[in-house]
Amino acid sequence: MPTTLAFALQRRRLSLWLSALLALLLISLTLAITLGPVRISPQQAWLITAHEIGELLGLGLQPGDWTSAQIQIVWRVRMPRVLLAALAGAGLALVGVAMQAMVRNPLADPYLLGVSSGASVGAVSVIAFGALSFAGDLALPMGAFGGALAACTAVYLLAYANGRLQASRLILGGVAIAYCLGGATSLIVLTADQRELANSVLTWTLGSLAGTRWDELGLPAVLLTIGAALLLTQARSLNALLSGEESAATLGVDTTRTRRWLFVLVSLVTGVLVALTGPIGFVGLIVPHVTRMLVGAEHRSVLPVAALLGAIFLVWVDVLSRITFAPAEVPVGVITSLLGGPFFVWMLCRKNARERLVT
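Reminder that position 190 of the sequence shown reads as 191 in my numbering, one-by-one numbering, no gaps.
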């Protein structure tokens with residue numbers, strides 16, 4: 002009976018968190034669409050959105066009191082950009098949760114472990130050299146996925162010793178791989194034949210949501226939906242992995258097989274997101290930790306809450322990137338790095354303080 006009551010209270014608490022975060026996400030999306038060098042009221046933004054959706058559905062709605070320039074700003078510039086920010090934030094947060102569980106390291110993150118750097122090399126190779134041109138529009142995501150998977154595999158092999166993953170080797174290996182691949186990306190940019198191409202690639206490597214189009218949202222939306230569903234079905238396995246190899250084995254979890262498909266999923270999600278936004282660091286580090294502070298370590302609660310928090314976080318980071326030095330724009334990756342660096346230092350200090358208390 003106490004267990005049943007505790008479970009019911011946990012579900013109620015989760016429902017409250019999800020309801021509050023969904024409302025906050027909707028408010029954030031609305032404000033993000035209205036804020037910028039050209040201010041548009043929330044009511045007007047949603048009326049324009051409703052009208053454009055009606056046009057797509059062939060409903061023949063009458064246009065309201067707005068200009069074609071306002072339609073361009075809301076529907077073709079800000080709306081797809083804001084939605085991609087939400088998708089990317091949710092995806093990177095989920096990837097961070099999965100990575101921290103499968104390697105049992107609170108500092109694990111696709112940026113720190115070199116996965117984003119691998120995706121960057123793959124994507125930049127496609128942009129600069131026309132690699133995988135036979136794949137058409139899928140060339141960039143395919144290149145980024147291949148680079149992310151290669152980096153993920155390399156870090157895994159470096160960290161695997163004496164029959165298990167070594168936490169210290171994982172971070173060191175990830176940093177080493179990230180530096181090597183970062184150098185490779187810079188070399189590709191500097192040796193590109195077209196200077197204009199090199200400048201655009203350099204901007205992309207800093208992480209940017211500028212120029213997002215509607216036709217770019219389908220792939221990440223579908224992939225994020227499938228990835229989130231898969232992770233939720235494996236919440237029990239993630240809990241077991243977080244508790245350790247021996248505990249996971251006693252619970253019947255095949256740790257090797259689970260880690261392999263998780264690495265593939267992490268690489269795929271990271272690769273597609275990096276292909277669209279460039280490498281955006283620290284979202285997968287910050288959001289999972291804040292989530293666990295709010296709802297605990299149970300992954301059935303952590304995964305949906307982290308996805309919503311990640312979406313809200315990156316939407317507001319994008320707003321900051323647009324309005325801080327308007328009309329100039331700061332790359333999103335620069336702002337997340339400015340926020341993530343101090344957060345990383347705080348985590349290390351907190352960890353050291355705990356170790357001193359134990360000893």
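All C-beta atoms in this analysis are idealised placements derived from N, C-alpha and C, irrespective of residue type, glycine included. As the structure is a prediction and not an experimental result, all values here were calculated from the model.
Cβ neighbour criterion (16 or more within 10 Å) applied to Thr5: exposed
Where Asn240 sits in the DSSP three-state scheme: helix
List the endpoints of the continuous alpha helix (DSSP H) containing Gln44. 43-57
If the criterion is Cβ atoms closer than 7 Å, does the pair Ile72 and Ile49 meet it? yes
Three-state secondary structure assigned by DSSP to Ser209: coil
Give the DSSP-derived three-state secondary structure of Gly183 in the structure shown. helix
Within 10 angstroms of its Cβ, does Ser16 collect 16 or more other Cβ (buried), or is it exposed? exposed
Considering only residues of the same chain and omitting the five flanking positions on each side of Leu263, which have a CB-CB separation below 7 Å? Ala99, Met103
If you check the beta carbons only, do Leu207 and Gly334 fall under 7 Å apart? yes
Residue environment, Glu217, which counts as buried when at least 16 other CB atoms sit within 10 Å: buried
Could you give the distance in angstroms between the alpha-carbon of Ala329 and the alpha-carbon of Gly212? 14 Å
Around the C-beta of Phe283, are 16 or more other C-beta atoms found within 10 angstroms, so that it is buried, or is it exposed? buried
Taking its Cβ as the centre, do 16 or more other Cβ atoms sit within 10 Å of Asp319, making it buried, or is it exposed? buried
My assumption, with CB atoms under 8 Å, is that Ser268 sits in contact with Ala149. Please give the rounded CB distance. 4 Å
Candidates Leu340, Arg165, Ala229, of which the one nearest Ser105 by Cα: Looking at the sequence shown, residue 105 is not Ser but Arg. Answer by Cα proximity: Arg165.
First through last residue of the alpha helix (DSSP H) which encompasses Thr325: That residue, Thr325, is in no alpha helix (DSSP H); it is neither H nor E in DSSP.
Thinking Leu277 and Gly228 are a contact (beta carbons under 8 Å), I'd like their distance in whole angstroms, please. About 15 Å separates the two Cβ atoms, so there is no contact after all.
Taking 7 Å as the cut-off, decide whether the C-beta atoms of Arg82 and Leu224 are in contact. no
Using C-beta distances below 7 Å, list every residue in its chain close to Leu133, excluding the 5 sequence neighbours before and after it, in chain order. Val127, Ala140, Met143, Gly144
Run through DSSP, which three-state label would Glu299 get? coil
Can you look up Gly65 in the DSSP assignment and give me helix, strand or coil? coil
By DSSP, does Phe283 sit in helix, in strand, or in coil? coil
Among Leu295, Leu220, Met294, which has the Cα closest to the Cα of Leu88? Leu220
What residues in its chain sit with their C-beta under 8 Å from that of Leu32, if we drop five residues either side in the sequence? Pro43, Val320
At the level of alpha carbons, what is the spacing between Ile281 and Gln167? 26 Å
Do the segment 232-251 and the segment 176-187 touch if we need at least three Cβ pairs shorter than 8 Å? no
Taking the alpha-carbon positions, what's the His290 to Ala94 distance? 10 Å
Beta-carbon proximity check, Pro111 vs Thr271, cutoff 7 Å: yes
Residues near Leu23 by beta carbon distance below 7 Å, same chain, minus five either side: Leu309
Determine the DSSP secondary structure at Cys350, reduced to helix, strand or coil. helix
Express the C-alpha separation of Thr256 and Ile172 in angstroms, rounding to a whole number. 20 Å
Output the distance between the C-alpha atoms of Ser118 and Leu203, rounded to the nearest integer angstrom. 13 Å
C-beta atoms of Val78 and Ala46 nearer than 7 Å: no
Please tell me whether, using a cut-off of 6 Å, the distance from the CB of Ala99 to the nearest non-hydrogen atom of the ligand NAP is below it. Annotation note on the ligand NAP: not contained in the displayed structure, which lists no ligands.
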